[in-house]
Each structure stands twice: as C-alpha cells, then as structure tokens.
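Down below is the structure, laid out as structure tokens.
Residue numbers (the working numbering): 5 to 348.
Below, the structure is given as structure tokens:
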C-alpha cells in the first residue's frame, strides 16, 4: 500500500460531498463554517470546498459524475494535502463509473470519512493507497459544543505525528445524545456517559496481527461483488473491522451479512475482527451473540480473536483506523495497536 504524507500546520485540506449533499443546504451550511474554524484553530489547517461540495442536496444527488470529478481533482491538486468527506449517505456506489484509479494511485493523500464513505475507501484500496476510516466534516469537525478530545488526539497521533506504535486506547466515555442540526444548538455540548465496559474479548486468546480492512457492515454488503470488492486472496491474514450504521440493522440482518462473508470464505482466512460500539448501544448484547454464533459455531472459528466495543464509525466519539496498515489485537491485555505509521 502507498502511504500519503503526514499533515503539517499551514496545509490546505479539501472537503468533498461524495454522497449526501446536505453540507451546502442553507439550514446546515453553518456547520461548514464551524468545521472551517475548528480546522484552523485546533489543527492549523485551511479548509476549502471543492467546486460542487456546497451546492446542496438536490444538485449533489443529481450529479454523481461531478462528485467524482471533485474527488479526482482534489487528488490532482498539488496544493491540497488531505481530503475530508463531508458526510456519508447511501449512494456513493453511483460514483463507480467515474473513478480513475490511476489518479488516486499517482497522488496519494490522506482521505478520511466513514459510513457510506466505506465505498470510497475500497476504491482507494483498489488503487493501492492507504485511507482512513475516521472523522468527517459534518459529524466530527463540526460537532456542536466542541470536538471530542478523543477524536482530536487520534487526528494528532495518526495524521500529524506519524506514531509508528500507536495504541488505540478505549475511550472511557460515549454519548447517545443527538441535537438537531440548526444554529440554535451550535453551543450545546453532548452529555458524556461513562464507558465502564472497556474492550470486550468475545473469543480468542493471545495476539493476532494483520493489515486492517473493513468498514460499515451494511456498506460491505452493498459493494460486495462490485469491481472494488477484494478477492479472497486479498482478504488473507487481514484484521477485519466492522461497525453498524445509525440505521441500527437488526441482529438478523447482521447475521445474514456475516454469513455471506463466511460463504465467500473470508471468515476462514482472516486473522481477527475488531467490532465498533453500536450506535447508542442498541442491540449491544444481541450483536455479540450473533458474532459468536456465526464466527465461533457456524464458521467453526472459535479461535478467531474478536475485540468488541471499539470507538470508530457511528459511535461517538470516534478514532481512526487506517486501511492496509499492520495492526495487532491483544486479547489477553485487551489492546489494539497500530504497528506502523499510516503516513510518511
């Protein structure tokens, strides 16, 4: 995998609307300016919109080719050092006909986002470039009240400091509070709930290592079988990371998706699994039982290490998982560690 360069204060970064276009809607655009201020004041970065990023929901929906063009042009632009997804959605897959993998491969840059952005990450994986399942503009940089310190620390450690042995520690709090996106709520701070569970080891002992590959489990199901879906050989020895969206799929649906991965032979060849905290802890216990049933019993892999309740994706706050980077999960000590820097 080709690694992008680390960020430095003073760098220019771009925002792209690759799925839902709400960033540019008049009721929400204040969050763009909030994120712009945060990126400047906290990280010393200058945020600029790509040409179509702020044109609103209807325009963005009607022009997947321009969404893709914005993304490709941001890679081509030498003044842009990183690209942040505005938000997820449900139709990033419509960009597939307009992606130039050579452009991504020849211009590696930090790219961050989650949820529907999983499809973009697999496009980058196909191009052979490391990307980051991490913060996006609307839900993280433009968090009302203030950004979560856990997310800020992850950004500094992974994007700026290039720490070669970064332990992804469990956040000791979470939130289930949601504020309507309107300017009246801009100073409201979400209530923090203590997380006393820590990482939970569902099965497995000792240590397992492998390169990270995964995303939002519903999106894995959506892109399965397309040109960006990795071959079985590509899945060998990987650490699979999965999480569920704000749609809160039923345990039965999660079971079906896991069974599909098993039917393809993927569960048989990976080295371990990291599972994100479910949004609002909905189906928290149910998902655990599904994982142990499908992986441990049906797939006959009770040996496969599974660490549960990690902070990434739709949980709040979130950290960062870099694609294609060596990771170690330590079941005995309940630790997750990146074994190499994800940036140069």
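Virtual Cβ for every residue (Gly too), placed ideally from N, Cα, C.
inquiry  = If contacts are defined as beta-carbon pairs under 8 Å, then residue 243 and residue 215 qualify, I think. What distance do you get, rounded to the angstrom?
reply    = 7 Å
Notebook entry, point to check: Between which two residues does the alpha helix (DSSP H) carrying residue 312 extend?
Noted result: Segment 310-314 is the beta strand (DSSP E) holding residue 312; no alpha helix (DSSP H) there.
inquiry  = What does the alpha-carbon distance come out to for the pair residue 166 and residue 10?
reply    = 7 Å
- Curious, which full-length beta strand (DSSP E) runs of at least 3 residues does the region 110-162 contain? 114-117
Under 8 Å, do residue 90 and residue 19 count as touching if we go by C-beta distance?
yes
Q) Are residue 247 and residue 318 closer than 8 Å when you measure CB to CB? A) yes
Self-check item: When 259, 330 and 275 are compared against residue 305, the one with the closest alpha-carbon
Solution: 275
- Item | Pairwise C-alpha distance: residue 175 and residue 261 | 28 Å
query = Who are residue 329's beta bridge partners in DSSP?
reply = In the DSSP output, where bridge partners are listed per residue, residue 329 has none listed.
task = With DSSP as the reference, label residue 90 as helix, strand or coil.
result = coil
Assuming residue 67 and residue 187 make a contact with CB atoms under 8 Å, what is their CB distance in whole Å?
The pair is not a contact, with the Cβ atoms about 27 Å apart (cut-off 8 Å).
task: Out of 45, 100 and 85, state which residue places its alpha-carbon closest to the alpha-carbon of residue 71.
output: 100
- Looking only at its own chain, which residues have a Cβ that is under 6 Å from the Cβ of residue 121, when we skip the five neighbours before and after it? 89 and 92
| message | Since residue 59 and residue 25 should fall inside the 8 Å C-beta cutoff, what is the C-beta to C-beta distance between them, to a whole number of angstroms? | response | 7 Å
- Over the uninterrupted beta strand (DSSP E) stretch that includes residue 245, give me the two end residues. 242-247
- Query: Is the beta carbon of residue 134 less than 8 Å from the beta carbon of residue 343?
  - Reply: no
Quiz item: Would a C-beta distance cut-off of 8 Å place residue 255 and residue 312 closer than the cut-off?
Solution: no
Please classify residue 85 as buried or exposed, where buried requires at least 16 other C-beta atoms within 10 Å of its C-beta. buried
* Asked: At what residues does the alpha helix (DSSP H) containing residue 61 begin and finish?
  -> 61-66
Just tell me which of 258, 287, 284 and 330 has its CA closest to the CA of residue 298.
-> 258
* Quick one: any contact between the region 73-85 and the region 103-116, if contact means 3 or more CB pairs under 8 Å? -> yes
Is it the case that the Cβ atoms of residue 52 and residue 12 are separated by a distance below 8 Å?
no
- At which residue ranges does the region 260-327 contain complete beta strand (DSSP E) runs of 3 or more residues, listed in the order of the chain? 276-280 and 310-314
So what does residue 212 bridge to, in DSSP terms? 333
Going by alpha carbons, who is nearest to residue 158 out of 346, 323 and 330?
323
Where the alpha helix (DSSP H) containing residue 340 begins and where it ends: Careful: residue 340 lies outside any alpha helix (DSSP H), inside the beta strand (DSSP E) at 339-342.
Exposed or buried, what is residue 54 when buried is set at 16 or more other beta-carbons lying within 10 Å of its beta-carbon?
buried
Practice item. Hey, could you find the ends of the alpha helix (DSSP H) residue 204 is sitting in? Key: Unbroken run through residue 204 is the beta strand (DSSP E), 204-207; no alpha helix (DSSP H).
Please tell me whether residue 204 and residue 194 are closer than 8 Å, where the distance is taken between their beta carbons. no
Worksheet item: What's the C-alpha gap between residue 44 and residue 132?
Response: 30 Å
Straight-line gap, residue 119 to residue 327 (C-alpha atoms, nearest Å):
14 Å
Residue 178, DSSP secondary structure in three states:
strand
Practice prompt. Could you name the residues that DSSP lists as bridge partners for residue 50?
Written response: 16
In the structure shown, what three-state DSSP assignment does residue 102 receive? helix
Would you check if the distance between the CB atom of residue 320 and the CB atom of residue 230 is smaller than 8 Å?
no
Based on DSSP bridge pairs, tell me the residues matched to residue 220. 247
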